[in-house]
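Residues 8 to 873, numbered by this note's numbering, are exactly what the first sequence covers, in order. Just so you know, even glycine gets a beta-carbon here, dropped at the ideal spot from N, CA and C. Quantities reported herein were computed from a predicted structural model and do not represent experimental measurements. Let me begin by presenting the structure, written as structure tokens, before commenting on it.
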Amino acid sequence: MASERYNARSVEQKWQQRWDDEKIFLTSTDPDGSKETYYVLEMFPYPSGRIHMGHVRNYAMGDVIARYKRAKGFEVLHPMGWDAFGMPAENAAMQNKTHPKGWTYHNIASMRSQLKSMGLSLDWSREFATCDEDYYAQQQKLFLDFMKADLVYRKNAKVNWDPVDMTVLANEQVIDGRGWRSGAEVEQRELTQWFFKISDFSEDLLSSLDGLDQWPAKVKLMQANWIGKSRGARIRFPLTENSTTSLAEIDVFTTRPDTLYGAGFMALAAEHPLSLELAGNNEELSAFIDDCRKIGTSVAAIETAEKRGFDTGLTVDHPFIEGHVLPVYVANFVLMGYGTGAIFGCAAHDQRDLDFARKYDLDVIPVIADPQSPDVAFEVGDTAYLGDGVMVNSGFLNGLAKDEAIDAAIEKLNQQLLDGAPQGVGEINYKLRDWGASRQRYWGCPIPVVHCDDCGVVPEREENLPVVLPEDVTFDIPGNPLDRHPTWRDVDCPSCGKPARRETDTMDTFVDSSWYFARFTDPTSKSPTNVTAANRWLPVDQYIGGIEHAILHLLYSRFFARAMSITGHMDVQEPFKGLFTQGMVVHETYKSKDGAWLQPSEIDITDDGGNRSARHAVTGEDVVIGGIEKMSKSKRNTVDPDDIIATFGADTARWFVLSDSPPDRDVIWTEAGVEGAHRFVQRIWRLVHNVAERPEHAGSGEETADLGLRKAAHRALARIDEMIPGLRYNSAVAQIYTLVNEIEQAQKSTTVSSDTLNQTMAMTLQMIAPMMPHLAEECWTVLGHDGMVSATDWPVLDESMLVEDSITLPVQINGKKRGEITVPVNMEKQGVEEAVLQERFVQNALSDKEPRKIVVVPGRIVNVVI
RNA sequence: GCCCCCUUGGCGAAAUUGGUAUACGCAGCAGACUUAAAAUCUGUAGGUCGAAAGACCGUGCCGGUUCAAGUCCGGCAGGGGGCACCA
């Protein structure tokens, strides 16, 4: 037997079948189960048609923890589903004359079988796709509940329009002024849209980040920055008496009320109500506002856009300086979407304000003195002073530091009444905007409302749900086919019964993924969730996915958990207790002489001790080795998981993606690496046979030798027990290598007994099983076990095996290691000092001198200071 | 511009959180087996000097704290990421 190589293909299929037959990965639905629960979830895939190496890595990582926790006695929930709505299905429909539904379910079928070939310990009985009628029906119920709870609303707003995908995008989905999917430059359009009230939760979403101690700091920081909290004041500036506008004052938000004495002008956003009002009878201003609107939001547009303003001729009274007035401008750099859409300009201490003031010859009044060179404050050139300092030129604020001045200014504004109300109050502002969730697309969850001329926006009746997507649609004309589907669109008003129109917008697909983790806890529930099941399983103990969702999906899901708690669908505020963001799978790129990208399979690589060169496998032409980049079709540096599984087996692929690189970093896929992983598979196979076939008396069974091997196994176990829950798989892999090396040596020795060897090997297989489950099962059988290792309890650590009688300590002289000393493990410091001084190399170094000091760190190190 | 992270052999990396730097793997080199290759096994491996014993240097660079620094502090350089006309 041992001479035969391990045949991954047939072995893997056999065990996948047995796991399936014996249903060992199905999660119990008993709500009162006695086992502690553990919910492992990997971000579910979009059914693009094929799995890629990123999926392999993601799902292998989740499967290790799932299998480990199961062996540790937890009731594990490890489900899989499909994030199945979205644009690619419509694009495919347009290109290939297919239907999005057929295309999607076809893709799901092939990806499901690919995932199954990986041997993942998933509960497939809970599988669903977000485009299943059953799922989106429940999502529509959620939507109506959110409407009732005032968590979703409709408003006319300036929104991001993607001209290629022909749909609105949320702020989170605009990256550098471009659509996150299409890459097209986003335009601003005024549309009436549905919004989720995520901004109501700004403070909660921000402050609760502190409690997420199993989240990467980086993700929490990104969310905190996105929520963008700033403290400041809201100040009312009264328009000077002679103004004839409908507004009597301009509201301003500022984080720097301390610099009020430095105010030189006011500036309004182009879309500010006052700007629009004034533009009504001023053509010049109207033209200026139109100009401002044309400026895009792309990085280039912003950087090159000149700061421009328009003097309205209006003035406001300064809140602190009697008789002092400030001119009011409309300016192109003031955003309507942040604060109040109006600012006061303090030119001396804000570069942008300074540029603007110089251009329009406005007051530049320094109010903060640089402590290093106080005089400079009064000679402002073209550079604003942005540092901290002492207030000057500022009336009652003079002499205060920044924070004191802010408090004092707010205090004064509070007391100072304007028309019977305080002129200013302390205020907190957030950058987070409400989530615009309407999409002008077909392949999404229909928004279950009807527009009636008499009743307005009317929620669809619950008994009429789901609002099912019509299947008889065509994609030969751009735009939303729902818009031009009269029999679907034209319905009677659920309230008054008169002819009305269905909402033809569908929901952002991020809505689908904002609660799927809750649906998995009972995917057949007749309401969105079975509250008992949801509360039993949630929050997800370990969630694993890419960092690209740090804001979008993870923030939306946190909002949904809160909204679903309010609407009674669960009682869990934070959906994901532990979050792990895994790195990408990257690969070297190759180009032919004429610049065409080449696939790894087309290349032969020669490695001459570090000098790598490549040539074309067929033509023999020289090939240029390029950078290591994310696997992508355009650069042709992808490796198909199917090919790897067919050639080497799923275990090899799993072992490779788990080895070497820490899971949160990118892993470089290399041919040599895969072959190395596969060599290890074969090595285990040979070793297990050697162990199984070793004659009973091949080893004398010396107590020290047997104990040594057992201790090695328990040392490895102790470390792996720390590493797997921390997802430090590369380190766990290293421990397994070390242990296997030791078993190989023991197997060859004549001292270790065959019994001990067999038992240690079995224990090793248990430790390998979460990572290479098929290999472990097959070897488990070879060792003579009847059951399945996947259904076997994790080995119990014997603490006594970690205890040693003596310990070897490094001995330093003046901080440099000069030797070692072996002492009894419990020897007192005094004894260690004495023993160290007996050592020849220490005496040589001392040469009759007395040491100045001897530092003994028990169990660690000895340092002799001379 | 603002905020954050990273930098350890030829390569991926490890280092019990201040205590033997380079575990484990990949690639390499030398050898064994073989007619040969593959497969497998054994040995070797941070740098410099040295026949060796050994000495000195060494975790991006400069400085500091400490008996002791990859780890802590200050500064600099390079790489990566997030946000961005945010008042």
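Going by beta carbons, L369 and A391 fall outside the 8 Å limit. Y744 counts as exposed, since fewer than 16 other C-beta atoms from the protein chains shown sit within 10 angstroms of its C-beta.
Annotation for Q430: R243, P326, L420, Q423 place their beta carbon closer than 6 Å to its own, counting only its chain and skipping 5 residues before and after.
Rounded to whole angstroms, the gap between the alpha carbons of L267 and S206 is 29 Å. In this structure, D515 places its C-beta atom within 8 Å of the C-beta atom of A444.
Between E467 and V457, the CB-CB gap stays under 8 Å.
C-alpha of G634 to C-alpha of V740: approximately 27 Å in a straight line. Boundaries for P95: no beta strand (DSSP E) harbours it, while the alpha helix (DSSP H) harbouring it runs 94-103, taken from the DSSP string. In this structure, P473 and Q147 form a Cβ contact; the two beta carbons are roughly 6 Å apart against a cut-off of 8 Å.
In the three-state DSSP reduction, S282 falls in the helix class (H, G or I). Leaving aside the five residues that flank L425 on each side, the residues in its chain whose CB is nearer than 7 Å to its CB run, in chain order, R243, P245. Contact annotation: T659 and V681 have beta-carbon atoms nearer than 8 Å.
In the structure shown, C459 adopts extended strand secondary structure according to DSSP, grouped into three states. Close CB contacts of A73 within its chain, under the 7 Å cut and outside five residues either way in sequence, are with V47, V83, H85, S128 (chain order). The residues G396, V397, in chain order, have a CB closer than 7 Å to that of P378 in the same chain once the five nearest residues on each side in sequence are set aside. The beta carbon of R722 is closer than 7 Å to those of L809 in its chain, skipping five residues each way along the sequence.
Secondary structure within the region 568-611: the beta strand (DSSP E) runs of 3 or more consecutive residues, fully enclosed, are 586-589, 592-599 (chain order). Around the C-beta of P373, 16 or more other C-beta atoms lie within 10 Å, and the residue is accordingly described as buried. For the 8 Å CB-CB criterion, E197 and N167 do not form a contact.
In this structure the region 33-51 touches the region 534-544; the number of beta carbon pairs closer than 8 Å is three or more. In the structure shown, A144 adopts helical secondary structure according to DSSP, grouped into three states. Sequence-distant partners of C459 (beyond 5 residues in either direction) whose C-beta falls short of 7 Å from its own C-beta, in its chain, are V465, C500, S502, C503, K505, A507.
Around the beta carbon of V872, a 10 Å sphere encloses fewer than 16 other beta carbons of the protein chains shown; the residue is thus reported as exposed. With contacts defined as CB atoms closer than 8 Å, A621 and M571 fail to qualify as a contacting pair.
Our two residues, D671 and T588, have alpha carbons roughly 6 Å apart in a direct line. Inclusion of L212 and L545 in the CB contact set at 8 Å is not warranted, their separation being larger than that value. Non-local beta-carbon contacts of I413 in its own chain, meaning distances under 6 Å to residues more than five positions away in sequence, involve P264, D265 in chain order. Residues L321 of the same chain have their beta carbon placed closer than 6 Å to that of S250, with the five preceding and five following residues left out of the count. When C-alpha distances from G706 are compared across S282, K108, W801, Q754, the shortest belongs to Q754. Distance from the Cα of N748 is smallest, within the candidate group T494, L149, L764, for L764. Counting only runs of 3 or more residues that sit fully inside the region 184-258, the beta strand (DSSP E) segments are 194-203, 236-245, in chain order. For the options H62, S17, G56, the alpha carbon positioned closest to that of V593 is the one of H62. A distance below 6 Å between beta-carbons, with the five flanking residues on each side excluded, links F135 to the following residues of its chain, in chain order: G88, Y142, P530.
Bounds of the beta strand (DSSP E) holding T174 are 174-176.
The beta carbon of W110 sits closer than 7 Å to the beta carbons of A96, A99, A100 from its chain, once the five residues preceding and following it are set aside; these are given in chain order. Taking the C-beta atoms as reference points, G80 is found no nearer than 8 Å to K21.
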